[in-house]
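Below is one structure, written out as structure tokens; comments come after it.
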Amino acid sequence: MEGQVGLDGVWRLAYSDTGERQRLRFEGRLLEGRLVAQGPWLEGQMGYAAGTWQGRLRAELPLEPLASRLQLDLEGKEVLEASGSLSGDLGRLRLEARLGRDGLEARAGFSDLALEEVPWVSARLPFIRGRATGLVEYAGGRLVFGASSPALRVRGDDLALASRLSGSWQNGSMQAELNLERPQGEGSLGQDGLMGPQRTQLRLRLENNRLQGEVRAAAFPLHWLFSAWAGDLAGQAFWTGQARFNLDLINPWASQGVLVGERLRFQGGGDTLVGSAALRFEQERLYVDHLALAGRGTWRGSGYYGRRGSNLQLDLENTVFTPVLQVVPNLKPLAPEGSGTLRLRSSGQVFELTLEDFRFKLGPVRAETPRATLRVAETASAEGRIQLTAPFPAEAQLSGEGNLTNFTVRALGTANLPLLNPDEPFELSFSYPAYTLNASLRNQQARLYGTLFPQLVLTLQGPVPVSYPRYFLLEGLLETNLILRYQRGVYIAQGAVEVLRARLGLPEGQREVSIPASALKPQPAEAMPLEFANILFRAERGVLIQESLAQGELAGEVYLGGSLADPYLFGEVVPLRGNFKLWDRDFTIRDRSQERSYARFSPSAGILPELQIIADTTVQDRGQENRRIQINLTLKGEFLRQNGRIKVSLTPSFTAWYNGEPARKADGQSYTDAEIYALLLLGRSDLSALPADIAQTGLQAAVQNFIVGQLERELAKALGLDQVRVEIPALNGGTLEETRFTIGRYLLPELFFAYSVDLRGYQTVFAEYQQGDFRFRFSSEVFPQPRPELTLGYTLRPLGADLTLDIATGIGDGTRGDGVRFGVGLTFRF
1 MEGQVGLDGV WRLAYSDTGE RQRLRFEGRL LEGRLVAQGP WLEGQMGYAA
51 GTWQGRLRAE LPLEPLASRL QLDLEGKEVL EASGSLSGDL GRLRLEARLG
101 RDGLEARAGF SDLALEEVPW VSARLPFIRG RATGLVEYAG GRLVFGASSP
151 ALRVRGDDLA LASRLSGSWQ NGSMQAELNL ERPQGEGSLG QDGLMGPQRT
201 QLRLRLENNR LQGEVRAAAF PLHWLFSAWA GDLAGQAFWT GQARFNLDLI
251 NPWASQGVLV GERLRFQGGG DTLVGSAALR FEQERLYVDH LALAGRGTWR
301 GSGYYGRRGS NLQLDLENTV FTPVLQVVPN LKPLAPEGSG TLRLRSSGQV
351 FELTLEDFRF KLGPVRAETP RATLRVAETA SAEGRIQLTA PFPAEAQLSG
401 EGNLTNFTVR ALGTANLPLL NPDEPFELSF SYPAYTLNAS LRNQQARLYG
451 TLFPQLVLTL QGPVPVSYPR YFLLEGLLET NLILRYQRGV YIAQGAVEVL
501 RARLGLPEGQ REVSIPASAL KPQPAEAMPL EFANILFRAE RGVLIQESLA
551 QGELAGEVYL GGSLADPYLF GEVVPLRGNF KLWDRDFTIR DRSQERSYAR
601 FSPSAGILPE LQIIADTTVQ DRGQENRRIQ INLTLKGEFL RQNGRIKVSL
651 TPSFTAWYNG EPARKADGQS YTDAEIYALL LLGRSDLSAL PADIAQTGLQ
701 AAVQNFIVGQ LERELAKALG LDQVRVEIPA LNGGTLEETR FTIGRYLLPE
751 LFFAYSVDLR GYQTVFAEYQ QGDFRFRFSS EVFPQPRPEL TLGYTLRPLG
801 ADLTLDIATG IGDGTRGDGV RFGVGLTFRF
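Going by my numbering, the sequence shown opens with residue 1, and the numbers climb by one from there.
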């Protein structure tokens, strides 16, 4: 595109598309000009001068958003005339217009018009469906319109109504009439017991900023007023009666209205309420002149309520609230249900609400109360007991304080929440008119607070002690910073959780790592529309395992995503240190040059990780001149379903090493897998000794794994230590003097200290300090000769790498022991 404007008022503008298929040229002076078009979409020329039009243009434009095509002819003979058509999935539209000295005259007729494809309709009533035929005319400043549809529907509703709309608009005033009819067979019994056709008529008049209306309804679907823009609702409501209103568009409080429901019918959740009502709005008050519904129980009411005082009585006895609640669009995602007795009294000075044998469901929450009362006057009071049955059991006693304009309701009780101890005491308060919620566990520092209305936003902050033995979390402490908000029908949880301390292990009486398969079944989506927005679970240290078969400490970062019905984790957990027993051998977990241990989570695997464990142990081969053979182990793990449970399946891979090289026997042959198994099981690679030694080896493994393991667990618990290890080499052919005791504890959240001693008096100390991405480790033999080792490490997060620096003294070569070792390492993670 290029253009030019001169100081004398002459202007030119030229445009062509990328392929120069369509070209436009505009030129003229001041307000007069000429257009010349060449191309497949617009062809011809048109000029405007001295108040007249001259020329001809023809347009053929594909309108892809409407899946339609527009054909339009413009002709200038002193006046500008236009005629054309629009056809396609939208329907068929015929347009005629004339622009002259007397102004605009236009006429548009349409047939088979798809209402859901019309942008103006779909943007406001996205769930309206139907085909319409009509005519719109404009002349002399007056607009006249009319349209009809043989079957107007709302998506998801089987009901169809024949409709007819007509009206006019001129100088800011409007008149319109809408007729809706549901045809019935002659003599048939229709909705609400009406004979023949069921017709609803609405007349509107807009003038001087006041909208006046009159309605005569016969089984009109009231729920359409909501479902046309909110979507299909679980409940339905039908109205037969009359209404008049006078709405002040400048001051709505000055409006007036009367609604008479000669017959009202609400149905939903398998229940139905039928009756009548008469309501008025005037003098800034809503008057309930009559309310009588019956079905399952009764609804009765009378009085008035408004900002200029109130005197209202409602008695809803032994009834159900589900049919009415399920017509409210804002409650649709929560699938509300309710039953019982509700009594309300409001006199302007006193507001009193009483619930009796009341049960309700709102989303995942189910609760009931035999009796509860809220009374607000000069002071507020609340009494009663409420029992929560879902999503988690809880009971609470109610109380209150404040006055009619500012009051607080409190709940004090106990709850059984996941990860927490049974019957955990809690306190909860709700404040009006701020609609704020504040909750805390009585013995803990964590606090849940936020607003419930107009938007649900709740925050959980502070340390929370946790325990979930079913999933191997025996105890722990989490620092939480989580936010729960409600947006467009979905609860969204986001934030971060810091694992300050956690102790993992098998629950009492369980001897295998497995969980019920039912625990990982997808939850029904209607249970709670909850989504996890990548919640970060982070542990720098402090995740401890103290079991008879395994000990260690874990760290890592894992994100929780997905939904409650289909959650997933992604991230990685790695061991900081650890060892485990395989048969009667003690394997130490440590990274090798090309491999490392991890539990890796990915979205495609849900919440179950891929496992890899890298470890080694040293075994004295009694069949090969008592040489000390290092056995390197690589364990690959996956989770399988077996007998209704999900179990971890580990596939081991062994290699044998001696003096830093692959180990070979006296005959020069490498160790086979069978010989490595025999070496681990019997302490010798000679397969001929297998039958004779296997019984004794099984007895040694039982003593080492279970008796010693139980001793370690109980000592750690009794002494308040984070690590206790007892190593007895005598059970594996060693000497009693080599028995070693190790204890460890976190002196600070960032500092771990361990001390080891054996029966010969050999002593070792170990300390590790970790702050953020920086790590410092120190270890040394204390007796018989100090041999300090220092390691500095730093994680380069942008690069995904670990940088380490090692210094060790007292390194020997068999004849001397005063050497020094120095090393630098850089490990990248992919």
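Glycine is no exception: its CB is placed at the ideal position from the N, C-alpha and C atoms.
Out of the options, state which residue places its alpha-carbon closest to the alpha-carbon of residue i.
i	options	result
G235	W253, L331, G257 and R101	L331
L90	A67, L80, L72 and K77	A67
K361	F766, R129 and G340	G340
A767	Q170, L790 and D758	L790
A446	Q455, P788, L477 and L412	L477
E368	S122, L748 and R385	R385
L452	P422, R485, A496 and G683	R485
G450	D566, E27, V350 and N438	N438
S431	V464, L374, P391 and N443	L374
G33	Q54, P252 and E2	Q54
L441	Y435, R131 and P425	P425
I483	L474, E475, L57 and A493	A493
V350	G213, T298, T379 and R164	T379
R101	A49, S111 and Y746	A49
T617	L61, I629 and G623	I629
G668	A106, R131 and Q624	Q624
S602	F110, G261, I631 and L569	L569
Just verifying my parser: in three-state terms, what is the DSSP assignment at residue i?
i	result
R101	coil
D673	helix
F127	coil
P465	strand
W253	helix
P323	helix
V118	coil
E78	strand
F392	coil
K361	strand
R622	coil
K581	strand
P603	helix
K665	coil
S310	coil
R470	helix
L159	coil
L233	coil
F453	coil
Given a threshold of 16 other Cβ atoms within 10 Å of its Cβ, counted over all protein chains shown, does residue i qualify as buried or as exposed?
i	result
G269	buried
T267	Correcting the residue identity first, residue 267 is Gln in this sequence and not Thr. Counting Cβ neighbours within 10 Å, Q267 comes out buried, since at least 16 surround it.
F639	buried
A294	exposed
K77	exposed
G185	Residue placement at G185 cannot be trusted, given a pLDDT of 47 that sits under 50; the coordinates are not used to answer.
D271	buried
W224	buried
E64	exposed
R308	exposed
R182	buried
L699	Low confidence applies to L699: its pLDDT is 39, below 50, so where it sits in the model is not reliable enough to give any reading.
Tell me, which residues are paired with residue i by DSSP?
i	result
L748	L751
R385	Q397
W299	L293 and L316
V350	According to DSSP, which records beta bridges pairwise, V350 is partnered with nothing at all.
W41	Answer by DSSP bridge pairing: none, since W41 is not bridged.
E479	P463 and E498
P652	L635
Write down the C-beta distance between residue i and residue j rounded to the nearest angstrom, noting that I regard them as a contact closer than 8 Å.
i	j	result
L70	S83	With a Cβ gap of about 12 Å, L70 and S83 do not count as contacting.
L504	L460	With 8 Å as the limit, L504 and L460 do not qualify as a contact, their Cβ atoms being about 23 Å apart.
L80	L99	4 Å
G556	G578	That pair is no contact at about 13 Å.
T200	F226	That belief does not hold up - the Cβ atoms of T200 and F226 are roughly 16 Å apart, past 8 Å.
Q838	R205	Outside the displayed range of the chain (1 to 830) lies residue 838, so it cannot be described from this structure.
S173	E207	5 Å
Any heavy atom of the ligand GDP within a distance shorter than 6 Å of the CB on residue i?
i	result
P454	Here there are no bound small molecules, and the ligand GDP is not part of this structure.
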